[in-house]
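Structure record follows, encoded as structure tokens.
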Amino acid sequence: MKHLSLTARMSLMFMLAVIAVLTVAGLSFNELSRHHFRMLDRQTLVEKLESTQKIMSGTRGRADIIKVQPQLNALLGAHEDLAAIILANDGTVLFAEPRPFNVPEKYRLNPDHGMWEWQEGGHMYRGMTAQVIGPDQPEPLTAVLILDVTNHMHFFETLLRWFWIGLIISALISAALGWIVARSGLRPLRQVTQVATLMSARSLKERIPLEPVPLELQQLVTSFNAMLARLDDAFVRLSNFSADIAHELRTPVSNLMTHTEVVLTKKRNIEAYEENLYSNLEDLKRMSRIIDEMLFLAKSDNGLIIPELTRIELSEVVAKLFEYYHLLADECGIHLTVSGSGNVLGDKLMLDRAISNLLSNALRYTPEGKTISVTIRQTGNAVTLTVENPGEAIKPEHLGKLFDRFYRADPARREGNPSNAGLGLAITRSIAEAHQGKIWCTSANGWTAFHLEFPAL
Amino acid sequence: MKLLVAEDEPKIGTYLQQGLTEAGFNVDRVMTGTDALQHALSEAYDLLILDVMMPGLDGWDVLRMVRAAGKDVPVLFLTARDGVEDRVKGLELGADDYLVKPFAFSELLARVRTLLRRGNSSTTQTIMKIADLEVDLLKRRAVRSGKRIDLTAKEFSLLELLLRRRGEVLPKSLIASQVWDMNFDSDTNVIEVAIRRLRAKIDDDFEPKLIHTARGMGYMLDAPESE
Chain D
227 MKHLSLTARM SLMFMLAVIA VLTVAGLSFN ELSRHHFRML DRQTLVEKLE
277 STQKIMSGTR GRADIIKVQP QLNALLGAHE DLAAIILAND GTVLFAEPRP
327 FNVPEKYRLN PDHGMWEWQE GGHMYRGMTA QVIGPDQPEP LTAVLILDVT
377 NHMHFFETLL RWFWIGLIIS ALISAALGWI VARSGLRPLR QVTQVATLMS
427 ARSLKERIPL EPVPLELQQL VTSFNAMLAR LDDAFVRLSN FSADIAHELR
477 TPVSNLMTHT EVVLTKKRNI EAYEENLYSN LEDLKRMSRI IDEMLFLAKS
527 DNGLIIPELT RIELSEVVAK LFEYYHLLAD ECGIHLTVSG SGNVLGDKLM
577 LDRAISNLLS NALRYTPEGK TISVTIRQTG NAVTLTVENP GEAIKPEHLG
627 KLFDRFYRAD PARREGNPSN AGLGLAITRS IAEAHQGKIW CTSANGWTAF
677 HLEFPAL
Chain H
11 MKLLVAEDEP KIGTYLQQGL TEAGFNVDRV MTGTDALQHA LSEAYDLLIL
61 DVMMPGLDGW DVLRMVRAAG KDVPVLFLTA RDGVEDRVKG LELGADDYLV
111 KPFAFSELLA RVRTLLRRGN SSTTQTIMKI ADLEVDLLKR RAVRSGKRID
161 LTAKEFSLLE LLLRRRGEVL PKSLIASQVW DMNFDSDTNV IEVAIRRLRA
211 KIDDDFEPKL IHTARGMGYM LDAPESE
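Taken in order, these protein sequences are the chains called D and H. If you're matching positions, the first sequence starts at 227 in our numbering and goes up one per residue. If you're matching positions, the second sequence starts at 11 in our numbering and goes up one per residue.
Here you go:
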């Protein structure tokens, strides 16, 4: 059943259902008919037995049977399958028309009004026995009435045979019908499949139309479309990523090439060569850093960034980073403040790096004379570290993408700062995720805040 | 000081040899693990620089056999693979340091010098002098030309680092790591600012200048006469 196609499965089930219904109906009909015939037979026997008793009750002893014989024959003559036997108490057969029967002893001698049946020589009989006790009767007589019901039995055998034949034919027809119904019922599924088959990386923008799809499949199609949307999003990010890598590396490489070629076009003094080499060194360092950061992100994508967890007090990390960054902040007249505290389980080096990225990012965008404030809050089951700085707010449409690789809210800044490749926030997010934490950004009314949340200890 | 460089990539190998030779070391270079092992066992080196991936024996095999032969020479690994397992494996086998490619030559040089210094017990000097600058490491005081110079704690640490490794170009990453415990590459120019401030205090009003910038590489403290 597991490997059958849906169509085969449905036709098979349809067929089984039809067989079950027909069998129940057929057997009930059979049983009802048998019951009906039995009732008819019983009625006939009872009527005739009563008439027989009436006729017999007028006789006086066994010698008188001869007198009522014509009456009895008339009674029997009306019914060709009916036979009557009249017995004396000692077992002598007084009357047997149209022919004597070898009625089993137990039926013959048990005169009650129950109907009995027995089979003999391919015939089936039903009978009834009654005692005739009249006021003028010197001895009790027994009347036995026998009805030959062989015809009924033949009828039932034929009925049953045709029933089975009919059942097989209906089963086959229903299987065929089921197949047709299932196939046409499943047509929308095949159409959806066909559309899905045609999807490729190029056509991730396409969606399966919902209108012609039946209700049961709409959920599937909706889920499928949602999956396509996610794939498309990831794919676009990936393509952008590759394009960005190419772009980020192309700039320093073309600088290197142009500069080196220009320097080599003619003989120069040693300072010029030195200058060229220094400039090359700067570009190479920048490339090397991008490669390192890309490697970190690639490892993080593959779940290879495994933090070495120790208990870390975030306010201490911030204090240490402030010691480092305050030099730079002083230069720009920016104040750094920290408040709150919270313990997390984390990798010291990675947390240093994550928070350092947020700080250097904040330093980059804070105007002179303003304050960058770091707040650590311990709430229930999470510790949140917020780095907040005044500065031009980031547009809401950029907020979600800030953590994408090479993403910069302001494309004009791209070339501005050669040491900042735009991977810092992506790395911070990777680190947060490696710690089962998350990062998000809020920005409004001239304030921008990055929130880093870790599970509490 | 005699070093052995085992590196199968010819370009890197040549430049390593050239750079280290010019830094004043006596450098032998081999291209395969087998040669490296043979050299390491037959000659006395102060330091082995081994590439992990080499034809024949790899760096780990060489290290294992060198250690098995009872040689206690310091070993610095170079590798293109940066996996924690690799690092742990190397350190378990008895490597002394580990550098991931691509690396800056100044970084390599600084690490080589650290490893070589580790052998000789570090200076127990508490007062260090260079030109007319005198630094008392115990009292955390610096005096130049008889004038007391006020330094913050970090400025003092920075000066101490430069002094202890005078004549060496110290990469910014090394300074950040040693003075501020920032063990990752940060893309800001904090170190430039720190050096500028230190210079303002110990160099600006005095001659000769002691702190030198090695452009693109790092900083160095040295007096003119010792150059």
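For glycine and all other residues, C-beta sits at the position ideal for the given N, C-alpha and C.
Check each candidate in the options and name the one with the smallest Cα separation from residue i.
i, options, result
"LEU454 (chain D)", "D:LEU424, D:LEU441, D:ASN466 and D:HIS473", "D:LEU424"
"ALA120 (chain H)", "H:SER187, H:ALA204, H:ASP197 and H:GLU144", "H:SER187"
"PHE327 (chain D)", "D:LEU547, D:GLY353 and D:ALA304", "D:GLY353"
"ALA148 (chain H)", "H:ILE159, H:ARG128 and H:GLU170", "It should be pointed out that residue 148 (chain H) corresponds to Leu in this sequence rather than to Ala. Minimum Cα distance to LEU148 (chain H) is reached at H:GLU170."
"LEU313 (chain D)", "D:GLY303, D:GLN297, D:GLY287 and D:LYS293", "D:GLY287"
"GLU202 (chain H)", "H:LYS164, H:LYS219, H:GLY228 and H:GLU144", "H:GLY228"
"VAL122 (chain H)", "H:GLU217, H:THR31 and H:GLU19", "H:THR31"
"ALA233 (chain H)", "H:LYS139, H:MET75 and H:ALA46", "H:LYS139"
"PHE321 (chain D)", "D:ARG512, D:LEU298, D:THR486 and D:ASP307", "D:LEU298"
"HIS222 (chain H)", "H:LYS164, H:PHE216 and H:ARG209", "H:ARG209"
"ASP191 (chain H)", "D:LEU575, D:GLN279, D:MET520 and D:LEU271", "D:LEU575"
"SER429 (chain D)", "D:ASP459, D:SER283 and D:SER396", "D:ASP459"
"LYS596 (chain D)", "D:GLY672, D:GLU474, D:ILE359 and D:ASP573", "D:GLY672"
"THR563 (chain D)", "D:ARG325, D:GLN604, D:PRO440 and D:VAL613", "D:VAL613"
"ALA246 (chain D)", "D:PHE680, D:ILE394, D:MET379 and D:ASP527", "D:ILE394"
"VAL200 (chain H)", "D:SER582, D:ASP509 and D:LYS280", "D:SER582"
When DSSP builds the beta bridges, which residues end up paired with residue i?
i, result
"LEU367 (chain D)", "D:VAL358"
"CYS763 (chain D)", "Residue 763 (chain D) lies beyond the residue range present for chain D, which begins at 227 and ends at 683; the question has no answer from this structure."
"TYR229 (chain H)", "H:LEU180 and H:THR223"
"TYR108 (chain H)", "H:PHE87"
"PRO616 (chain D)", "D:TRP673"
"PRO681 (chain D)", "D:ALA608"
"SER480 (chain D)", "DSSP lists no partner for SER480 (chain D)."
"GLY353 (chain D)", "D:TRP342 and D:ILE372"
"LEU308 (chain D)", "D:LEU373"
"ARG537 (chain D)", "D:LEU571"
"THR601 (chain D)", "D:SER565 and D:THR612"
"LEU313 (chain D)", "D:VAL319 and D:THR368"
Taking the beta strand (DSSP E) that residue i belongs to, which residues open and close that run?
i, result
"HIS624 (chain D)", "Element bounds for HIS624 (chain D): not the beta strand (DSSP E) but the alpha helix (DSSP H), 622–625."
"ARG39 (chain H)", "36–40"
"HIS561 (chain D)", "561–565"
"ALA16 (chain H)", "12–16"
"LEU58 (chain H)", "57–61"
"VAL272 (chain D)", "Per DSSP, VAL272 (chain D) belongs to no beta strand (DSSP E); it is in the alpha helix (DSSP H), 232–283."
"LEU320 (chain D)", "319–323"
Could you check where the alpha helix (DSSP H) with residue i kicks off and where it finishes?
i, result
"ALA524 (chain D)", "496–527"
"PRO414 (chain D)", "413–424"
"HIS49 (chain H)", "43–52"
"VAL200 (chain H)", "200–212"
"LEU553 (chain D)", "540–557"
"GLU659 (chain D)", "650–660"
"ARG74 (chain H)", "69–78"
"TYR633 (chain D)", "Taken as a continuous stretch (DSSP letters only), TYR633 (chain D) belongs to no alpha helix (DSSP H), as it is neither H nor E."
"ALA300 (chain D)", "291–303"
"GLY348 (chain D)", "Unbroken run through GLY348 (chain D): none, as it is neither H nor E."
"THR24 (chain H)", "20–32"
Which of the residues in the segment 135–165 of chain H, read from start to end, lie with their CB under 7 Å from any CB of chain D?
LYS164
Please list the segments of the alpha helix (DSSP H) lying wholly inside the segment 130–175 of chain H, counting only runs of 4 or more residues, in order along the chain.
163–174
So if I threshold CB-CB distances at 7 Å, which residues from the segment 425–448 of chain D count as touching chain H?
none
Going along the chain, which residues of the segment 171–205 of chain H sit with their C-beta nearer than 8 Å to a C-beta in chain D?
Against chain D - using a Cβ distance shorter than 8 Å - the residues of the segment 171–205 of chain H are ALA186, TRP190, ASP191, MET192, ASN193, PHE194, ASP195, SER196, ASP197, THR198, ASN199, VAL200, VAL203 and ALA204.
What residues in the segment 553–578 of chain D bring their beta carbon closer than 9 Å to a beta carbon of chain H?
LEU553, LEU554, ASP556, GLU557, LYS574, LEU575, MET576 and ASP578
By the 8 Å beta-carbon criterion, what residues does the segment 21–42 of chain H contribute toward chain D?
none
Give, in chain order, every residue of the segment 213–228 of chain H whose Cβ lies closer than 9 Å to some Cβ of chain D.
Residues of the segment 213–228 of chain H with a C-beta less than 9 Å from any C-beta of chain D: ARG225, GLY226 and MET227, listed in chain order.
Within the segment 565–598 of chain D, note down every full beta strand (DSSP E) run reaching 3 residues or more, in order along the chain.
Entirely contained in the segment 565–598 of chain D, the beta strand (DSSP E) runs reaching 3 residues are, in chain order, 569–572.
Closer than 7 Å, Cβ to any Cβ of chain H: which residues of the segment 491–505 of chain D, in chain order?
TYR504
Compile a chain-ordered list of the residues in the segment 649–662 of chain D whose CB is closer than 8 Å to at least one CB of chain H.
GLY650
Closer than 7 Å, Cβ to any Cβ of chain H: which residues of the segment 591–607 of chain D, in chain order?
none
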